[in-house]
Every structure is written in structure tokens, then in C-alpha cells.
Amino acid sequence: MSKEILIIGAGPAGLSTAYYLQQAGVDFMMLEKGDSPGFSYSKMHESLKLLTPAVYSHLPGKKLSKDFFTYYSRQQLLDYYQKYAKHFAFPLQLNTEVVSVAFKDGAYHVKTSGGEFVARAVVAASGVFSHPVEPVLEGEAGIPIMHSSAYFNSDSLGIARGKGRVLVVGGGNTGTEIALDLADEGFEVGVSTRRGLRVWPHQIVGLDVHFLTRPFEYLSRLICRMTKKPFALKKTPVLGRRILSYVRSKKIELFPRLVGVEGNVARFDSGEKKEFDAVILATGYAFKTPFFKDIPKEAEGGLFYVGKPGQMGLDSAFLRGV
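So, in C-alpha cells, the structure goes:
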């Protein structure tokens, strides 16, 4: 099948791209490896809630909600993405994973699990949730160890609900959200971080912190344009101080960097050891586009990215930046 442009991914980055291409009258096709638009969100933990208000979370052309200050859940987001794609009737092929992209005869030949496509240009909008980062741990673990991408709720752990000790590795927003959920269910919870927790209030003088930091995000875009380099952010702060109250009340215990797990004993770089029943690695994701690896340098002019971290500024990989 031949198209002018192919979009890889039907998450928020892909859907936003499709909207603007459709408005411009461009012949395009979206390819999504999952079974629905926004597929990556269907795999995230059940209790996920947006940290940004709706005003910074909707896609172009169709508001997420009339209530701009609502924080939406994972399921509400999924419903929105599916309705969005249906509303605009985007040409979308689901259950189609891109295997490779090659350049020949002046066009891009895209090999997928559902056949081959040919296009003048290709947009990688596959998001940041396809390639989990997992640290190498010493020892032979005798307990479940899973990345947060495989964690849906506490039933995923394979241990009795509220009857065990769970270690969450990673002190970002995902790790602390999961840790709080587990603590609320009655689990004994530990959080392992390299450098402790970096916490910001979610609201300041009644305003969501994103309203106050938005000018800095625009500034980062200007810096990107001037330097022609991506904007790097070493660590995203945890929003909301509830995690600190749980640490103070000892509902959640903090640990230094996890080194290894032997049987059910976790060992930390401080030399401390403690028994756990399960470990969740909330250690983030790497942005990768392995399907582009065989493209020669001179043929990269028709390859584009949407949603790449730091691409156009601090917020490029977030909904508001997309």
C-alpha cells in the first residue's frame, strides 16, 4: 500500500499528528501495534491519574473536557483517545507492528506484521513507553521482580492482597504512585532510590504547579531553537507531598539504591539487607526507534519525530508538549 506519509503509533503523539495532516489534506495512514488508539495507556497501572489538568491534556480539535481543571484517569484517557480517532475517522490500521523501515527508489518501505507500506515520509510517534529500562541486579531472586510496565494492580504480584512486603525501585511519579497505592492496601512498602525523593507541591497558592512552570517550558523551547539541541532534564520531580507524610508515618520506608536480590533478600548499596515478597522496577523507559536503524544518513530527511523527549523543549514528551 502506498501513502504520502505513515505515522507509527496511535497514542496522543500520533493522533495529534494525524489531526494536522488531515487538516492539511495530506494522504496518510496510522499504524498501531496495539488493538486500540492509546494502547500504551491500557497497559499502565490501574490507578493512574494524570498529574496535569485537562486544560494541558487535550488533543487539538476536540477538548478532553469542558472542566479544564479536572485530573483524568487512565480509563477516561483511553475512552477519549478512542472517541477522538473515531470522531475524525482517521485511516488507522490496528494490531500492526512496524518491523523495519528501509529507503530505496526514493521512498520509505515500511515492513510490518500486517504487510508492507511505501511512503514519501515517516513519522515516529511511538511514544516513550515501548522500551522499559531495567537495572541489572546481582544474585538469583526467589521472588517476583517486574517492571512497572507489567504491573496493573496488586494482583499482578501473585501474593495475597495487603499481606506482604513490596519494594518499589524508583522515586519518580510512577514509583511513588504505586507505592502509595500498595500502602493504602495494607502492604508493607519500601521505596529504593539513588538520590532520595525530590518532591514538589502539586498546588501552590491554590494553583496547579503546571500553571506556574509553563513559562519555563516555553523558555526551554526558545533555548532549543537557538541552540538546535534537545533540552535535557535529568530528573522529573514527584508532584504531591502525600508520599512525604507516608514516609514520616512509616507507612513507607525509604532505602538507598538496590544492588541485588538473593532469594527473598534485597541488598542495598549501603550494605543493608531486608526481606521482601516482591519487587517492582519503576525505573522508566528509553526512547528508541529500532525500525530506523538501517536508514542511511543521506536518507534521513523524510523521517520525523513527535513526542521525543527534549526534542523541542522541556515538555516535548508530555501531553501538553505533544
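Per the numbering used here, residue -14 is the first one in the sequence shown, and the count goes up by one each step.
By construction, the Cβ of each residue, glycine as well, lies at the ideal position given by its N, Cα and C atoms.
Helix, strand or coil at residue i according to DSSP, with G and I counted as helix
i: I128; result: coil
i: Q7; result: helix
i: E119; result: coil
i: S85; result: strand
i: E101; result: strand
i: K47; result: strand
i: Y270; result: strand
i: V40; result: helix
i: L33; result: coil
i: A385; result: There is simply no residue 385 to check, as the chain begins at -14 and stops at 307 in what is shown.
Extent of the continuous alpha helix (DSSP H) run through residue i
i: K71; result: 59 to 73
Where the beta strand (DSSP E) through residue i begins and ends
i: T97; result: 92 to 97
i: F13; result: 13 to 16
i: S27; result: Premise fails: S27 lies in the alpha helix (DSSP H), 24 to 27, not in any beta strand (DSSP E).
i: Y290; result: 288 to 290
i: K(-12); result: -13 to -7
i: L150; result: With the sequence shown as reference, residue 150 is identified as Arg, and Leu is not the correct amino acid for it. Counting along the chain, the beta strand (DSSP E) containing R150 begins and ends at 150 to 154.
Contact check, residue i vs residue j, beta carbons under 8 Å
i: P98; j: T81; result: The identity of residue 98 in the sequence shown is Ser, whereas the question assumes Pro. Yes, they are a contact pair.
i: S115; j: D279; result: no
i: L79; j: G143; result: no
i: G181; j: G156; result: yes
i: V246; j: I130; result: yes
i: V108; j: V291; result: yes
i: I(-7); j: R105; result: no
i: H30; j: F201; result: no
Among the options, nearest to residue i - alpha-carbon criterion
i: F272; options: F137, A110, G171; result: A110
i: T274; options: V113, F13, I128; result: V113
i: K89; options: V103, H43, P76; result: V103
i: K148; options: S133, L142, G171, S177; result: G171
i: W185; options: K220, E238, V176; result: K220
i: L288; options: Y93, E162, Q188, K47; result: Y93
i: F303; options: L35, G10, P22; result: L35
i: I237; options: R199, T37, I163; result: I163
Worksheet item: In chain order, which continuous runs of the alpha helix (DSSP H) of length 4 or greater are located wholly inside the stretch 224 to 266?
Response: 227 to 233
Item to complete: Could you name each continuous beta strand (DSSP E) segment of 3 residues or more that falls completely within the stretch 163 to 232, going from the start of the chain to the end?
Response: 173 to 177
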